[in-house]
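Enquirer: In order, the protein sequence lines correspond to chains A and B. First residue of the first sequence? That's 1 in the numbering used here, and the numbers climb one at a time after it. First residue of the second sequence? That's 1001 in the numbering used here, and the numbers climb one at a time after it. All C-beta atoms in this analysis are idealised placements derived from N, C-alpha and C, irrespective of residue type, glycine included. A quick note: this is a predicted structure, and the numbers were derived from the prediction, not measured. Input: one structure, supplied below.
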Amino acid sequence: MLRHYICQSFAQAVNLSAEEIFEKDLTLSEIIAISDKLQNSIDLMESFARVANSLKKEYGIQVRLPALSLDTAISEVLEIFLEEAAITSAA
Amino acid sequence: MPTLSLQIPRADIVSQLYPLLANQTCNLVELTWEQHLFHEQRSWSAVSLLQSVNLDALSPIDKANIWNAGRAELTTKPGADRLAHLADAECRRWQDTNPALASVLQACSTWSRYWNEEESFHETTLNHLAHQLGFEPVSDESFLEFRKIFPNDDMLRTLVLLAISEITAMVNYSTCAQLAQDPGLRKLFKQIASDEAQHLSYFISFAKALVDSGEYSPKGAFAITHFFLREDGELQGSQRQKKEQRNTHVNWWDALEYDWDQVPNNLARKQGIIFSVLRQITGIAVHSVNEVEQTWMDLVGC
Ligand SMILES: [Fe+2]
Ligand SMILES: [Fe+2]
Chain A
1 MLRHYICQSF
11 AQAVNLSAEE
21 IFEKDLTLSE
31 IIAISDKLQN
41 SIDLMESFAR
51 VANSLKKEYG
61 IQVRLPALSL
71 DTAISEVLEI
81 FLEEAAITSA
91 A
Chain B
1001 MPTLSLQIPR
1011 ADIVSQLYPL
1021 LANQTCNLVE
1031 LTWEQHLFHE
1041 QRSWSAVSLL
1051 QSVNLDALSP
1061 IDKANIWNAG
1071 RAELTTKPGA
1081 DRLAHLADAE
1091 CRRWQDTNPA
1101 LASVLQACST
1111 WSRYWNEEES
1121 FHETTLNHLA
1131 HQLGFEPVSD
1141 ESFLEFRKIF
1151 PNDDMLRTLV
1161 LLAISEITAM
1171 VNYSTCAQLA
1181 QDPGLRKLFK
1191 QIASDEAQHL
1201 SYFISFAKAL
1211 VDSGEYSPKG
1221 AFAITHFFLR
1231 EDGELQGSQR
1241 QKKEQRNTHV
1251 NWWDALEYDW
1261 DQVPNNLARK
1271 QGIIFSVLRQ
1281 ITGIAVHSVN
1291 EVEQTWMDLV
1301 GC
């Protein structure tokens, strides 16, 4: 449920389909390369911030954004978001 | 005797650049003369400063500082070259819809020639000094690597990144000056630190003018600042756990090679200056890394 929400809201933030990003498990640099919304890692960070903001708004969950290298796979980022969300919703 | 300077205090030229151009209080010819004047008045002789350095009196830390700084300064030319082009292209973009902003950007593109020249004094002086000290010269291969031009980015982000780079350089050179026992070397480092402080004031001026124009959201300024200040962020430079692997360009702060136990990196001091600069540019006051992140996230929205 939460997983689905995060995938959708990230896909929307980078203007790509969730299937395209998550099924192929793209790396962050691959996402930057194919998204017309992203020029560099600062843009990517902004799209993570958008996801975090909407999680807070919709679910009241506070997620801290990690510093990630660009060879990180998106599945790893998703897990980090879910772990962070589990910590704050348990607290 | 003709008046040398505009009848506008320099502090106002820095902080009121956009309104000065928008109200047509001054024009580009006058602003360019101010830039020239300020550049000429602060110019110094590399040859005479080098002659005053006593090579035999330098410590191993002094030598490491000279070598690292000379290499780092190699990246300033591609930075200034890029600024000239990016600011001119951005100037054309606003020419019809916001002529005052177009003039700000042309002033910025024009100033990059003075910036480039001043940085060339740092680069050549320090690298020559390293050569005199018997260091193996930077190879042509590394020289070419350090000259690679940064990829383009949003204009406000670029200016804030350059401001942070100047803050880092200014604090580092001040530290080098404090550590130097030889009066000649101390004078050289102080001279360079004061150049970097002046470059910083120009970047504040241009960045603030962009925000004042209403065409650029302060979000870009906060995004870059957050990128530098976050945990394991760019401000930690070559001390970071994981640095980006890239072959597009060299960030000089990532390329420093030090025994970090011996030189202070003054993170708290750099942070304090960054908060103050961010307030000058955006009008938004922040006092901690967390506040930077929170403000940035609020500006990004959903
Ligand atoms: Fe410099
Ligand atoms: Fe500088």
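Within 9 Å of any Cβ in chain A, is that where the Cβ of K1219 (chain B) sits?
Expert: Output row for K1219 (chain B): interface = yes.
Enquirer: For H4 (chain A), count neighbouring C-beta atoms within 10 Å of its own C-beta (all shown protein chains included) and say buried if the count is 16 or more, exposed if not.
Expert: Classification of H4 (chain A): exposed, given that the 10 Å Cβ count is below 16.
Enquirer: In the segment 9 to 39 of chain A, which residues sit with their C-beta less than 7 Å from some C-beta in chain B, listed in chain order?
Expert: Answer in chain order: Q39.
Enquirer: Residues of chain A with CB under 9 Å from A1223 (chain B), in chain order?
Expert: Per Cβ cutoff of 9 Å: I42, D43, M45, E46 and A49.
Enquirer: Evaluate contact between the segment 14 to 30 of chain A and the segment 63 to 79 of chain A, counting only Cβ atoms and requiring at least three cross-stretch pairs below 8 Å.
Expert: Judged by Cβ distances under 8 Å, the segment 14 to 30 of chain A makes contact with the segment 63 to 79 of chain A, as three or more pairs qualify.
Enquirer: I'd like the list of long-range same chain contacts for M1001 (chain B), defined as Cβ closer than 7 Å, with 5 residues on each side in sequence excluded.
Expert: At M1001 (chain B) the pLDDT is 45, less than 50, meaning the model places this residue with poor confidence; the figure from the coordinates comes in the next sentence. Within the same chain, M1001 (chain B) has no close Cβ partners at all.
Enquirer: Mind checking whether W1253 (chain B) and S1238 (chain B) have CB atoms under 9 Å apart?
Expert: Contact: yes.
Enquirer: Measuring only between beta-carbons, confirm whether R1230 (chain B) sits less than 9 Å from chain A.
Expert: For R1230 (chain B), the answer is yes, since a Cβ of chain A falls inside 9 Å of its Cβ.
Enquirer: Between A1107 (chain B) and the rest of its own chain, which residues show a CB-CB distance below 6 Å, the 5 nearest in sequence each way excluded?
Expert: Contacts found: L1031.
Enquirer: Could you tell me which chain B residues have their CB closer than 8 Å to the CB of A52 (chain A), listed as they occur along the chain?
Expert: Those within 8 Å of A52 (chain A) in chain B are M1297.
Enquirer: How would the residue list near ligand 1 read, in chain order, if you kept each one whose beta-carbon is closer than 7 Å to any heavy atom?
Expert: Residues flagged by the Cβ proximity filter: B:E1073, B:T1076, B:E1119, B:H1122, B:A1169, B:I1192, B:D1195 and B:E1196.
Enquirer: Looking at chain B, which residues of the segment 71 to 90 of chain A have a Cβ within less than 8 Å of any of its Cβ atoms?
Expert: Listed by position, the residues of the segment 71 to 90 of chain A near chain B (Cβ gap below 8 Å) are D71.
Enquirer: Measuring only the C-alpha atoms, how far is R1082 (chain B) from Q62 (chain A)?
Expert: One C-alpha to the other measures close to 39 Å.
Enquirer: Thinking just about the alpha-carbon of each residue, which of B:Y1216, B:Q1191 and B:P1183 is nearest to the one in T1158 (chain B)?
Expert: Comparing Cα-Cα distances from T1158 (chain B) to each of B:Y1216, B:Q1191 and B:P1183, the minimum goes to B:Y1216.
Enquirer: For N1116 (chain B), report the span of its alpha helix (DSSP H) as first-last.
Expert: Per DSSP, N1116 (chain B) belongs to the alpha helix (DSSP H) from P1099 to Q1132.
Enquirer: Under the three-state reduction of DSSP, which class applies to A73 (chain A): helix, strand or coil?
Expert: Three-state result, A73 (chain A): strand.
Enquirer: Just to check my reading of the structure: Q1035 (chain B) and W1111 (chain B) have Cβ atoms closer than 8 Å, yes? What is that Cβ distance to the nearest angstrom?
Expert: Contact flag correct, Cβ pair sits at about 5 Å.
Enquirer: Going along chain A in order, which residues have a C-beta closer than 8 Å to the C-beta of R1157 (chain B)?
Expert: Within chain A, the residues near R1157 (chain B) are I42.
Enquirer: Compute the Euclidean distance between the alpha carbons of L1017 (chain B) and Q1024 (chain B), then round it to the nearest angstrom.
Expert: So the alpha carbons of these two residues sit roughly 11 Å apart.
Enquirer: In chain A, which residues lie with their C-beta within 9 Å of the C-beta of P1151 (chain B)?
Expert: Within chain A, the residues near P1151 (chain B) are Q39 and N40.
Enquirer: Indicate whether at least one CB of chain A lies closer than 9 Å to the CB of G1214 (chain B).
Expert: Not an interface residue.
Enquirer: Please confirm whether any heavy atom of ligand 2 lies closer than 8 Å to the CB of W1111 (chain B).
Expert: Answer for W1111 (chain B): no, Cβ out of range of ligand 2.
Enquirer: Run down chain A in chain order and give the residues with a C-beta less than 8 Å from the C-beta of G1301 (chain B).
Expert: Correct list: R50 and N53.
Enquirer: What does T27 (chain A) pair with, by DSSP beta-bridge criteria?
Expert: According to DSSP, T27 (chain A) bridges with A:A73.
Enquirer: Looking only at its chain, what residues have a beta carbon closer than 7 Å to the beta carbon of E1196 (chain B), apart from the 5 residues adjacent to it on each side?
Expert: These residues qualify, in order along the chain: E1166, A1169, M1170 and Y1173.
Enquirer: Mapping DSSP to helix, strand and coil, what is G1283 (chain B)?
Expert: Note: G1283 (chain B) maps to coil in three-state DSSP.
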